[in-house]
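Chemist: Chains as they are written, first to last, in my numbering: chain A, 450 to 891; chain B, 450 to 891. Positions of the beta carbon are idealized from the N, C-alpha and C atoms, including for glycine. Following this message is one structure expressed as structure tokens.
There are 2 protein chains.
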Amino acid sequence: MTSHERPIGVAVLGLGNVGSQVVRIIQDSADDLAARIGAPLVLRGVGVRRVADDRGVPVDMLTDNIEELVSRDDVDIVVELMGPVEPARKAILSALEQRKSVVTANKALMAVSTGELAQAAEHAHVDLYFEASVAGAIPVIRPLTQSLAGDTVLRVAGIVNGTTNYILSEMDSTGADYESALADASALGYAEADPTADVEGYDAAAKAAILASIAFHTRVTADDVYREGITKVTPADFASARALGCTIKLLAICERLTSDEGQQRISARVYPALVPLDHPLATVNGAFNAVFVEAEAAGQLMFYGQGAGGAPTASAVMGDVVMAARNRVQGGRGPRESRYAKLPISPIGFIPTRYYVNMNVTDQPGVLSAVAAEFAKREVSIAVVRQEEMVDDDGQRCGARIVVVTHQATDAALSETVAALADLDVVQRINSVLRMEGATNE
Amino acid sequence: MTSHERPIGVAVLGLGNVGSQVVRIIQDSADDLAARIGAPLVLRGVGVRRVADDRGVPVDMLTDNIEELVSRDDVDIVVELMGPVEPARKAILSALEQRKSVVTANKALMAVSTGELAQAAEHAHVDLYFEASVAGAIPVIRPLTQSLAGDTVLRVAGIVNGTTNYILSEMDSTGADYESALADASALGYAEADPTADVEGYDAAAKAAILASIAFHTRVTADDVYREGITKVTPADFASARALGCTIKLLAICERLTSDEGQQRISARVYPALVPLDHPLATVNGAFNAVFVEAEAAGQLMFYGQGAGGAPTASAVMGDVVMAARNRVQGGRGPRESRYAKLPISPIGFIPTRYYVNMNVTDQPGVLSAVAAEFAKREVSIAVVRQEEMVDDDGQRCGARIVVVTHQATDAALSETVAALADLDVVQRINSVLRMEGATNE
Numbered sequence: 450m451t452s453h454e455r456p457i458g459v460a461v462l463g464l465g466n467v468g469s470q471v472v473r474i475i476q477d478s479a480d481d482l483a484a485r486i487g488a489p490l491v492l493r494g495v496g497v498r499r500v501a502d503d504r505g506v507p508v509d510m511l512t513d514n515i516e517e518l519v520s521r522d523d524v525d526i527v528v529e530l531m532g533p534v535e536p537a538r539k540a541i542l543s544a545l546e547q548r549k550s551v552v553t554a555n556k557a558l559m560a561v562s563t564g565e566l567a568q569a570a571e572h573a574h575v576d577l578y579f580e581a582s583v584a585g586a587i588p589v590i591r592p593l594t595q596s597l598a599g600d601t602v603l604r605v606a607g608i609v610n611g612t613t614n615y616i617l618s619e620m621d622s623t624g625a626d627y628e629s630a631l632a633d634a635s636a637l638g639y640a641e642a643d644p645t646a647d648v649e650g651y652d653a654a655a656k657a658a659i660l661a662s663i664a665f666h667t668r669v670t671a672d673d674v675y676r677e678g679i680t681k682v683t684p685a686d687f688a689s690a691r692a693l694g695c696t697i698k699l700l701a702i703c704e705r706l707t708s709d710e711g712q713q714r715i716s717a718r719v720y721p722a723l724v725p726l727d728h729p730l731a732t733v734n735g736a737f738n739a740v741f742v743e744a745e746a747a748g749q750l751m752f753y754g755q756g757a758g759g760a761p762t763a764s765a766v767m768g769d770v771v772m773a774a775r776n777r778v779q780g781g782r783g784p785r786e787s788r789y790a791k792l793p794i795s796p797i798g799f800i801p802t803r804y805y806v807n808m809n810v811t812d813q814p815g816v817l818s819a820v821a822a823e824f825a826k827r828e829v830s831i832a833v834v835r836q837e838e839m840v841d842d843d844g845q846r847c848g849a850r851i852v853v854v855t856h857q858a859t860d861a862a863l864s865e866t867v868a869a870l871a872d873l874d875v876v877q878r879i880n881s882v883l884r885m886e887g888a889t890n891e
Numbered sequence: 450m451t452s453h454e455r456p457i458g459v460a461v462l463g464l465g466n467v468g469s470q471v472v473r474i475i476q477d478s479a480d481d482l483a484a485r486i487g488a489p490l491v492l493r494g495v496g497v498r499r500v501a502d503d504r505g506v507p508v509d510m511l512t513d514n515i516e517e518l519v520s521r522d523d524v525d526i527v528v529e530l531m532g533p534v535e536p537a538r539k540a541i542l543s544a545l546e547q548r549k550s551v552v553t554a555n556k557a558l559m560a561v562s563t564g565e566l567a568q569a570a571e572h573a574h575v576d577l578y579f580e581a582s583v584a585g586a587i588p589v590i591r592p593l594t595q596s597l598a599g600d601t602v603l604r605v606a607g608i609v610n611g612t613t614n615y616i617l618s619e620m621d622s623t624g625a626d627y628e629s630a631l632a633d634a635s636a637l638g639y640a641e642a643d644p645t646a647d648v649e650g651y652d653a654a655a656k657a658a659i660l661a662s663i664a665f666h667t668r669v670t671a672d673d674v675y676r677e678g679i680t681k682v683t684p685a686d687f688a689s690a691r692a693l694g695c696t697i698k699l700l701a702i703c704e705r706l707t708s709d710e711g712q713q714r715i716s717a718r719v720y721p722a723l724v725p726l727d728h729p730l731a732t733v734n735g736a737f738n739a740v741f742v743e744a745e746a747a748g749q750l751m752f753y754g755q756g757a758g759g760a761p762t763a764s765a766v767m768g769d770v771v772m773a774a775r776n777r778v779q780g781g782r783g784p785r786e787s788r789y790a791k792l793p794i795s796p797i798g799f800i801p802t803r804y805y806v807n808m809n810v811t812d813q814p815g816v817l818s819a820v821a822a823e824f825a826k827r828e829v830s831i832a833v834v835r836q837e838e839m840v841d842d843d844g845q846r847c848g849a850r851i852v853v854v855t856h857q858a859t860d861a862a863l864s865e866t867v868a869a870l871a872d873l874d875v876v877q878r879i880n881s882v883l884r885m886e887g888a889t890n891e
């Protein structure tokens with residue numbers, strides 16, 4: 450059967466780690482791919498910035514004329530692996546306008562430009578797949594859009610950035626501070642020369658936007674995502690977390706909130722949070738990723754695997770390529786953008802959450818009472834409080850450290866409380882403020 | 450748009466735990482489902498053995514005439530939740546012949562009759578979905594058939610039976626023996642009155658057949674799966690496992706084996722195995738399920754969640770229903786059966802595996818040497834050996850216990866070794882033999 454079918458032509462844009470692996474799989478697994486698709490999958494060309502004979506691909510397959518490559522009549526599927534937002538956006542739009550199906554791993558683009566691209570795909574009646582844009586090899590987009598299509602997703606909490614997870618795991622297991630853990634991550638190739646996108650949570654926020662869009666059938670962009678990075682997390686926070694039976698993870702959280710009147714809103718946010726050690730996300734260490742999903746009927750699900758790297762990301766890209774190719778052969782299309790729900794996105798202040806506050810206070814009677822009063826004034830209930838004496842280098846008492854973990858309150862009430870604490874004379878310093886996620890006692 | 454589309458009619462066969470939840474979701478989530486499908490999803494009727502007014506569904510929706518229900522012109526999708534193999538098989542075939550798309554959770558049927566049903570679906574050009582047949586709410590079928598469609602699956606190892614996982618978790622955490630852990634499971638509703646299908650591994654074997662078929666593009670039925678149950682696992686095995694840094698899990702294993710000459714074979718097997726505590730499957734406890742996948746490019750993936758129960762299984766069923774309904778509205782079909790690879794299935798004897806052997810021996814010089822000689826004769830290399838003295842009720846030495854863990858060898862060589870050990874005069878008793886899976890040092 451296979452040999453009689455018209456081949457499906459593929460253009461790959463970008464020949465970095467992922468692009469090279471995609472090209473390799475198309476060539477090495479040609480027979481298997483043809484059998485799975487029902488027609489041969491043929492590489493038509495690779496778009497690169499620099500055409501040269503040392504790229505690991507025959508030089509006559511390379512071109513720096515992206516526009517010409519995506520316009521070829523024998524190209525059915527365009528695989529965009531160039532990043533960043535531009536020139537990827539322009540190339541994808543051009544491909545879609547010419548009725549090519551598109552597969553991309555570009556989370557930054559998908560998180561800002563999803564509406565425009567989805568409309569172009571819709572208009573052209575072609576597929577736009579982006580499984581590899583979130584959590585590398587881990588199937589997340591497809592389970593959310595298809596497997597859970599008959600369920601109501603309540604919450605998605607993901608460890609979706611390998612760099613920060615490596616740094617936090619390292620801080621947890623070795624007691625290292627942030628700077629030296631970052632240096633280790635850089636030395637091992639887990640962090641880029643400029644780590645800002647990872648450590649400040651921009652990468653995770655882009656993925657949170659994509660996940661929230663899909664989970665809640667609402668268009669969410671990166672700008673809608675509340676974001677804090679991991680640069681202020683200290684070894685003392687890990688010590689306190691440990692004492693509370695927790696570790697610290699950078700989480701991308703997408704949540705459906707239902708008011709007492711039944712009004713629904715959603716939240717998408719990224720920040721380092723205390724996670725109880727018995728939560729499935731707590732044991733996801735190093736460069737691994739995991740996405741934890743709670744749905745009304747399904748209950749708790751978790752998807753775990755390698756979130757980055759050439760081969761794992763190429764696996765996700767190739768899954769999309771095979772599905773897009775099958776649709777070309779058999780007719781039909783994959784699921785299109787679903788944004789019918791149009792749920793309002795809640796500002797962080799309205800989100801019910803729990804705070805961990807670590808502060809230095811003067812060592813005198815009435816301090817704990819003054820601190821507790823600030824919580825009580827804003828109706829924030831305290832779950833755990835720990836106070837310990839501090840001594841200076843000469844062994845003299847020089848104050849105390851208080852750690853407070855709250856029950857759930859609105860983020861606004863909690864952050865107001867922290868601001869008020871900072872203004873108290875008896876509080877010398879707020880050492881850190883983190884949120885707590887995933888605890889059952891809320 | 451939605452309101453102009455012809456409704457998609459659904460017939461549900463079976464009104465047990467899962468069927469009731471499916472009916473509830475179709476009714477409670479009607480607006481969301483219509484928006485996601487692009488047309489209203491309408492329940493046409495429910496097939497039951499006993500029509501009565503106490504079934505939680507209006508009595509005029511019920512019928513005991515399955516044949517008539519699936520033949521109705523206004524039924525587009527038949528959801529089969531009756532089990533067991535018959536009468537489900539007949540109902541599904543009848544539905545497919547009448548060009549209805551079919552969604553089923555029936556693993557026993559899918560594991561014996563997949564070819565026949567797949568052909569009927571192919572002939573009628575309709576969807577046959579069965580996500581709920583393996584691991585309840587956990588998306589496994591769709592990730593394997595779609596997300597990994599461009600990759601090469603090397604291995605699937607799953608905890609796919611909640612009853613046995615509950616029993617083994619209980620034995621591990623409380624030291625209970627098999628009988629009392631089974632009694633607990635029964636009392637909590639985790640085990641059926643006749644637990645044979647679960648504890649003897651038949652349920653897991655059916656799921657292994659389905660997973661192997663999909664992962665390796667080869668038709669595998671339950672009869673092709675090597676199977677051992679958990680009834681002989683003892684508290685002493687758990688104690689030994691602990692000492693070796695392991696726990697014991699009933700695993701469904703599907704593996705691709707490549708000979709030195711590049712010949713490929715596959716294996717599908719179910720047995721209780723020692724699993725290292727640092728393996729992701731080791732921490733999957735209680736009634737939870739998890740499926741661990743290794744693929745060439747993706748590396749290690751794990752899918753975790755609730756493997757049974759009315760609502761979780763209904764979530765998986767409804768995901769399939771929405772996809773089948775979307776295909777009805779938009780045209781197109783989901784992936785069909787893929788069995789092009791037709792890989793030979795290896796008998797258990799040829800499988801490379803590792804054994805754990807626990808035996809009682811007489812306490813005299815030369816015993817360990819005699820035992821070790823039987824392994825050496827068959828070129829089985831020993832990884833760990835532990836010998837400890839046994840004392841009787843009066844505190845007198847009465848022999849010794851030897852625990853051996855081997856490196857990898859063929860299952861045939863290992864089982865021959867165990868048979869030879871049993872014949873040795875110095876071996877009083879082989880207490881137990883288990884395999885070890887998931888250790889890195891093989």
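Using Cβ-Cβ distances below 8 Å, what residues of the stretch 593-618 of chain B are close to chain A?
Modeler: Within the stretch 593-618 of chain B, the residues whose Cβ lies closer than 8 Å to some Cβ of chain A are Gln595, Ser596, Leu597, Ala598, Gly599, Asp600, Thr601, listed in chain order.
Chemist: Quick one, which residues of the stretch 716-732 of chain B are near chain A if we go by CB-CB under 9 Å, in chain order?
Modeler: Pro729, Thr732
Chemist: Determine the extent of the beta strand (DSSP E) in which threonine 707 (chain A) is found, giving its start and end residues.
Modeler: Here residue 707 (chain A) is taken as the residue at index 258 of the first sequence, counted from 1. Start and end: 695-707.
Chemist: So within the stretch 504-558 of chain A, which uninterrupted beta strand (DSSP E) runs reach at least 3 residues, ignoring any that extend past its ends?
Modeler: 526-529, 550-553
Chemist: If you measure from the beta carbon of glutamine 836 (chain B) to each beta carbon in chain A, is any gap under 9 Å?
Modeler: Position 387 of the second sequence, counted from the first residue, corresponds to residue 836 (chain B). By this cut-off, glutamine 836 (chain B) is not an interface position.
Chemist: Tell me whether serine 716 (chain B) sits in a helix, a strand or coil according to DSSP, three-state version.
Modeler: Your numbering for residue 716 (chain B) matches position 267 in the second sequence. Correct three-state label for serine 716 (chain B): strand.
Chemist: Anyone know if the C-beta pair for proline 588 (chain B) and glutamine 595 (chain A) falls short of 9 Å?
Modeler: Locating residue 588 (chain B) in the second sequence gives position 139, counting from the first residue. Locating residue 595 (chain A) in the first sequence gives position 146, counting from the first residue. Contact flag set, yes.
Chemist: Can you confirm whether glutamate 704 (chain A), when its beta carbon is compared against all beta carbons of chain B, has any partner nearer than 9 Å?
Modeler: Start at 1 with the first residue of the first sequence, and residue 704 (chain A) comes out as number 255. False, the Cβ-Cβ gap to chain B never drops below 9 Å.
Chemist: Cα separation between threonine 613 (chain A) and alanine 849 (chain B)?
Modeler: Taking the first residue of the first sequence as position 1, residue 613 (chain A) is located at position 164. Taking the first residue of the second sequence as position 1, residue 849 (chain B) is located at position 400. Taking the straight line from one Cα to the other gives about 51 Å.
Chemist: Could you check whether the Cβ of serine 582 (chain A) sits closer than 9 Å to any Cβ belonging to chain B?
Modeler: As a working note, residue 582 (chain A) is residue 133 in the first sequence. By this cut-off, serine 582 (chain A) is not an interface position.
Chemist: Is it right to say phenylalanine 824 (chain A) is buried, meaning 16 or more other beta carbons lie within 10 angstroms of its own, or is it exposed?
Modeler: Locating residue 824 (chain A) in the first sequence gives position 375, counting from the first residue. It is buried - the Cβ of phenylalanine 824 (chain A) has at least 16 other Cβ atoms within 10 Å.
Chemist: Alpha carbon to alpha carbon, how far is valine 833 (chain B) from valine 876 (chain B)? Give it in angstroms, no decimals.
Modeler: Position 427 of the second sequence, counted from the first residue, corresponds to residue 876 (chain B). Position 384 of the second sequence, counted from the first residue, corresponds to residue 833 (chain B). Whole-angstrom Cα-Cα distance: 18 Å.
Chemist: I want to verify the contact list: residues of chain B whose CB lies under 8 Å from the CB of isoleucine 474 (chain A), in sequence order.
Modeler: Mapped onto the first sequence, residue 474 (chain A) falls at position 25. Correct list: Gly599, Asp600, Ala746.
Chemist: CA-CA distance, isoleucine 590 (chain A) and threonine 683 (chain A)?
Modeler: Indexing the first sequence from 1 puts residue 590 (chain A) at position 141. Indexing the first sequence from 1 puts residue 683 (chain A) at position 234. Rounded to the nearest angstrom, the gap between the Cα atoms of isoleucine 590 (chain A) and threonine 683 (chain A) is 33 Å.
Chemist: Any beta carbon of chain B sitting closer than 9 Å to that of arginine 485 (chain A)?
Modeler: If you number the first sequence from 1, residue 485 (chain A) lands on position 36. Chain B contact via Cβ: present.
Chemist: Starting from the Cα of leucine 792 (chain A), find the closest Cα among A:Asp673, A:Ala488, A:Ala653 and give me that residue.
Modeler: Taking the first sequence and counting its residues from 1, the one referred to as residue 792 (chain A) is at position 343. Of the candidates A:Asp673, A:Ala488, A:Ala653, the one whose C-alpha sits nearest the C-alpha of leucine 792 (chain A) is A:Asp673.
Chemist: Restricting to Cα atoms, I'd like to know which of A:Leu700, A:Asp686, A:Ala701 is closest to glycine 694 (chain A).
Modeler: Taking the first sequence and counting its residues from 1, one reaches residue 694 (chain A) at position 245. Taking glycine 694 (chain A) as reference, the option from A:Leu700, A:Asp686, A:Ala701 with the minimal CA-CA separation is A:Asp686.
Chemist: Flag this pair as yes or no: are the beta carbons of alanine 757 (chain A) and alanine 736 (chain A) separated by less than 9 Å?
Modeler: Position 308 of the first sequence holds residue 757 (chain A). Position 287 of the first sequence holds residue 736 (chain A). In this structure, alanine 736 (chain A) lies closer than 9 Å to alanine 757 (chain A) by Cβ.
Chemist: Reducing DSSP to helix, strand and coil, say where asparagine 807 (chain B) ends up.
Modeler: Position 358 of the second sequence, counted from the first residue, corresponds to residue 807 (chain B). Asparagine 807 (chain B) falls in the strand class under three-state DSSP.
Chemist: Using a Cβ cut-off of 9 Å (strictly closer), state whether glutamine 779 (chain B) contacts chain A.
Modeler: Your numbering for residue 779 (chain B) matches position 330 in the second sequence. Interface residue, yes.
Chemist: Taking only the alpha-carbon atoms, compute the straight-line gap between leucine 873 (chain B) and proline 814 (chain B) and give it to the nearest angstrom.
Modeler: By 1-based counting over the second sequence, the position of residue 873 (chain B) is 424. By 1-based counting over the second sequence, the position of residue 814 (chain B) is 365. Leucine 873 (chain B) and proline 814 (chain B): Cα-Cα distance of roughly 14 Å.
Chemist: Does the Cβ of methionine 450 (chain A) have 16 or more other Cβ atoms within 10 Å, making it buried, or fewer, making it exposed?
Modeler: In the first sequence, residue 450 (chain A) corresponds to position 1, counting from 1. Its pLDDT being 43, under 50, methionine 450 (chain A) is placed unreliably in this model, and the coordinates cannot settle the point.
Chemist: Which residues share a DSSP beta bridge with leucine 893 (chain B)?
Modeler: The question about residue 893 (chain B) has no answer, for chain B in this structure spans 450 to 891.
Chemist: With a cut-off of 9 Å, does the C-beta of serine 787 (chain A) fall near any C-beta of chain B?
Modeler: By 1-based counting over the first sequence, the position of residue 787 (chain A) is 338. For serine 787 (chain A), the answer is yes, since a Cβ of chain B falls inside 9 Å of its Cβ.
Chemist: Where does alanine 849 (chain A) fall in DSSP's three states?
Modeler: Residue 849 (chain A) sits at position 400 when you count from the first residue of the first sequence. If DSSP states are grouped into helix, strand and coil, alanine 849 (chain A) belongs with the strands.
Chemist: Could you tell me if glutamine 755 (chain A) is buried or exposed, where buried requires 16 or more neighbouring beta carbons within 10 angstroms of its beta carbon?
Modeler: On the first sequence, position 306 is the one that residue 755 (chain A) refers to. Glutamine 755 (chain A) should be labelled buried.
Chemist: Which residues bound the alpha helix (DSSP H) around valine 770 (chain B)?
Modeler: Along the second sequence, read from residue 1 onward, the residue named residue 770 (chain B) stands at position 321. Element bounds for valine 770 (chain B): 759-779.
Chemist: In this structure, how does DSSP classify isoleucine 800 (chain A) when only helix, strand and coil are distinguished?
Modeler: What you label residue 800 (chain A) is simply residue 351 of the first sequence in a count that begins at 1. It is coil, neither helix nor strand.
Chemist: Locate the beta strand (DSSP E) running through alanine 739 (chain B), then write down its first and last residues.
Modeler: Reading the second sequence from its first residue, position 290 is the one you call residue 739 (chain B). From DSSP, the beta strand (DSSP E) with alanine 739 (chain B) extends over 737-744.
Chemist: With a threshold of 9 Å between beta-carbons, can glutamine 749 (chain B) be considered close to chain A, or not?
Modeler: Counting from one through the second sequence, the residue named residue 749 (chain B) turns up at place 300. So, interface residue.
Chemist: With distances taken Cα to Cα, identify the nearest neighbour of glycine 449 (chain B) among B:Ser543, B:Gly468, B:Arg455, B:Leu883.
Modeler: No statement about residue 449 (chain B) is possible, as the shown extent of chain B runs from 450 to 891 and does not include it.
Chemist: With distance defined between alpha-carbon atoms, name the residue in B:Asn880, B:Arg835, B:Leu870, B:Glu828 nearest to histidine 856 (chain B).
Modeler: Mapped onto the second sequence, residue 856 (chain B) falls at position 407. Measuring from the Cα of histidine 856 (chain B), the nearest candidate turns out to be B:Glu828.
Chemist: Classify histidine 728 (chain B): buried if its beta carbon has 16 or more other beta carbons within 10 angstroms, exposed otherwise.
Modeler: Within the second sequence, the letter at position 279 stands for residue 728 (chain B). When all chains shown are included, histidine 728 (chain B) counts as buried.
Chemist: So is serine 452 (chain B) buried or exposed if we call it buried at 16+ other beta carbons inside 10 Å?
Modeler: As a first step, residue 452 (chain B) must be located in the second sequence, where it is residue number 3. Unreliable positioning characterises serine 452 (chain B) in this predicted model, as indicated by a pLDDT of 48, which lies under 50. The coordinate reading is nonetheless provided below. Serine 452 (chain B) is exposed by the Cβ-count criterion.
Chemist: Quick one: using the 10 Å Cβ neighbour count with 16 as the cut-off for buried, is serine 444 (chain A) buried or exposed?
Modeler: Any answer about residue 444 (chain A) is impossible in this case: the structure gives chain A only from 450 up to 891.
Chemist: Reducing DSSP to helix, strand and coil, say where threonine 451 (chain B) ends up.
Modeler: Numbered from its first residue, the second sequence carries residue 451 (chain B) at position 2. Note that threonine 451 (chain B) has pLDDT 44, beneath the 50 cutoff, so the model's placement of it is unreliable and the number below is only indicative. Assignment of threonine 451 (chain B) by DSSP, reduced to helix, strand and coil, places it in the helix class.
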